[in-house]
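Take 6 as the starting number for the sequence shown in our numbering and just add one per residue. Think of the CB as a built atom: it goes at the ideal place given N, C-alpha and C, for glycine as much as any other residue. See structure below.
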Amino acid sequence: MKKSKVYFTDMRVKAFGENLLGKLTKLITKAGIGEIDFRDRFAAIKIHFGESGNLSYLRPNFTRTVAEKVRELGGKPFLTDCNTLYAGTRKEALEHIETAYRNGFTPYSTTCHVIIGDGLKGTDDVAVPVPNGEYVKEARIGRAIMDADIFISLNHFKGHEMTGFGGAIKNIGMGCGSRAGKMEQHCDAKPTVKRELCIGCRHCAKTCAHGAPTFTDNKATIDPEKCVGCGRCIGVCPKDAIEPSWGQAAGLVDKKMAEYALAVVHGRPQFHISIVMDVSPYCDCHPENDNPIVPNVGMFASFDPVALDQACADAVNAQTPITDSVLGDHGCRHHDHFKDVSPDTDWNLQLEHAEKIGLGTRAYELIKI
Numbered sequence: 006m007k008k009s010k011v012y013f014t015d016m017r018v019k020a021f022g023e024n025l026l027g028k029l030t031k032l033i034t035k036a037g038i039g040e041i042d043f044r045d046r047f048a049a050i051k052i053h054f055g056e057s058g059n060l061s062y063l064r065p066n067f068t069r070t071v072a073e074k075v076r077e078l079g080g081k082p083f084l085t086d087c088n089t090l091y092a093g094t095r096k097e098a099l100e101h102i103e104t105a106y107r108n109g110f111t112p113y114s115t116t117c118h119v120i121i122g123d124g125l126k127g128t129d130d131v132a133v134p135v136p137n138g139e140y141v142k143e144a145r146i147g148r149a150i151m152d153a154d155i156f157i158s159l160n161h162f163k164g165h166e167m168t169g170f171g172g173a174i175k176n177i178g179m180g181c182g183s184r185a186g187k188m189e190q191h192c193d194a195k196p197t198v199k200r201e202l203c204i205g206c207r208h209c210a211k212t213c214a215h216g217a218p219t220f221t222d223n224k225a226t227i228d229p230e231k232c233v234g235c236g237r238c239i240g241v242c243p244k245d246a247i248e249p250s251w252g253q254a255a256g257l258v259d260k261k262m263a264e265y266a267l268a269v270v271h272g273r274p275q276f277h278i279s280i281v282m283d284v285s286p287y288c289d290c291h292p293e294n295d296n297p298i299v300p301n302v303g304m305f306a307s308f309d310p311v312a313l314d315q316a317c318a319d320a321v322n323a324q325t326p327i328t329d330s331v332l333g334d335h336g337c338r339h340h341d342h343f344k345d346v347s348p349d350t351d352w353n354l355q356l357e358h359a360e361k362i363g364l365g366t367r368a369y370e371l372i373k374i
């Protein structure tokens, strides 16, 4: 199989010389972003805005650099992400945008607007066919993301407690799934109601097309026989009383995530960037972040998200662990930093399945800029 090209630049700069943003511009230019025809076309830049309280997410300066390059090439960039399935500060669009602004992703700092991909309540999605899908035939993807002409992923490469690491594939697959899409990837059962929080407002009943919510003593219950798992009731509940039933067979999340990623990028221009710095042990969805597990590595770019994730994983695993970190606490027993941090995970599964279904290849040629 032909190797995919992955371009890399480290985080070193000379005093009074080129800064990191200049190096990022040079990186994505050398990696070939200019080969895409951006003229008068909408370009979705998929980014994680960071949960409120977390400080390890990417700095907005990186998004500005990418947006300015897209605009220089004639494109119309916007920043996007989809609402979360869990109750946090990004579960609906208004709060999501406010969190993005609070974390610095304003139109003034990034030069482009924020559009939440799956709408106000996380219900504005489209069913997208998954070529070669084994577990998902139609992925529920945020409508604004699929309306874009060009897709760019810009991700903070870090550890993840469920998938080993969060890189390009997770940023695309899980990140672009609507609330219903995230539920399909994460969960093996239908939503349940925390009755102590339910106020009997019946918003869930009004939004459900299948009559699944029923009421006893003015408290809701979800009938699993009628529920189709769309997650709309979760989005409209004003008290976060309805929650997904978390759980999935080992490795199935990784495989579904790869299939969702393929649905997002298949058949349209795409480009992928990973920043490997502040490599926190867990996801930026946490309202906190621990010390990085390894020193900063650098910036990577490729047209192939699978090769990109493989290159980033290899680069992190080649680093000496930071002693004062979760990785330092756990020790290097598995010769795999991500598995040492989260022993129940196996990040290889997402890459193996992604390669199998045609998302990309794990074989790569690393080109240093």
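With 16 as the cutoff for other CB atoms within 10 Å, does residue i come out buried or exposed?
i, result
"A72", "buried"
"Y12", "buried"
"F220", "exposed"
"K7", "exposed"
"V281", "buried"
"A217", "buried"
"G55", "buried"
"P348", "exposed"
"H339", "exposed"
"Y369", "buried"
"K244", "exposed"
"F343", "buried"
"R184", "buried"
"R207", "exposed"
"F21", "exposed"
"K175", "buried"
"P297", "buried"
"S9", "buried"
Based on the DSSP secondary-structure assignment, which residues constitute the bridge partners of residue i?
i, result
"I120", "T85"
"C1", "Here the chain has residues from 6 to 374 only, and residue 1 is not among them."
"N160", "S279"
"A306", "Y12 and I278"
"E370", "K10"
"P286", "For P286, which the question treats as bridged, DSSP gives no partner whatsoever."
"I155", "A48"
"G169", "H165"
"A144", "V133"
How about residue i and residue j: do their beta carbons lie closer than 8 Å?
i, j, result
"R200", "K231", "no"
"A5", "G122", "Absent from the model: residue 5. The displayed extent of the chain is 6 to 374, so no value can be given."
"A132", "E139", "no"
"E293", "I362", "no"
"G180", "C87", "yes"
"D309", "T366", "yes"
"K261", "E357", "no"
"D351", "G256", "yes"
"P229", "H191", "no"
"H118", "F170", "no"
"A306", "I278", "yes"
"G234", "L90", "no"
"L29", "M304", "yes"
"V269", "I177", "yes"
"R46", "K81", "yes"
"V375", "L332", "Lying outside 6 to 374, the shown extent of the chain, residue 375 is not represented and no answer is given."
"G127", "C290", "no"
"D314", "G172", "yes"
"L25", "M16", "yes"
"R145", "D130", "yes"
"G252", "D193", "yes"
"I41", "P300", "no"
Terminal residues of the continuous alpha helix (DSSP H) containing residue i?
i, result
"G180", "A173 to C181"
"E100", "A98 to R107"
"L356", "N353 to I362"
"P326", "Per DSSP, P326 belongs to no alpha helix (DSSP H) and is neither H nor E."
"R338", "Looking at the DSSP string, R338 is not in any alpha helix (DSSP H), and its letter there is neither H nor E."
"A268", "L257 to V270"
"P112", "P112 to T115"
"T219", "Segment P218 to T221 is the beta strand (DSSP E) holding T219; no alpha helix (DSSP H) there."
"E77", "P65 to E77"
"A149", "R148 to D152"
"L26", "L25 to K35"
"V3", "The requested residue 3 is not part of the displayed model; the chain covers only 6 to 374."
What first and last residue would you give for the beta strand (DSSP E) that runs through residue i?
i, result
"T226", "K224 to I227"
"H208", "Segment H208 to T212 is the alpha helix (DSSP H) holding H208; no beta strand (DSSP E) there."
"D15", "S9 to D15"
"D129", "Neither: D129 is in no beta strand (DSSP E) and is coded neither H nor E."
"A48", "F47 to K51"
Is residue i near the ligand GTP, going by C-beta to nearest heavy atom under 7 Å?
i, result
"R69", "Among the components of this structure there are no ligands whatsoever, and the ligand GTP is therefore not found."
Please confirm if the stretch 60–69 is in contact with the stretch 97–104, defined as three or more CB-CB distances below 8 Å between the two stretches. When C-beta atoms of the stretch 60–69 are compared with those of the stretch 97–104, fewer than three pairs fall below 8 Å, so the two segments do not count as touching.
Please determine if the stretch 152–172 and the stretch 205–221 are in contact, where contact requires at least 3 C-beta pairs separated by less than 8 Å. No contact exists between the stretch 152–172 and the stretch 205–221.
Three or more beta-carbon pairs under 8 Å between the stretch 321–334 and the stretch 29–42, yes or no? No, they do not touch.
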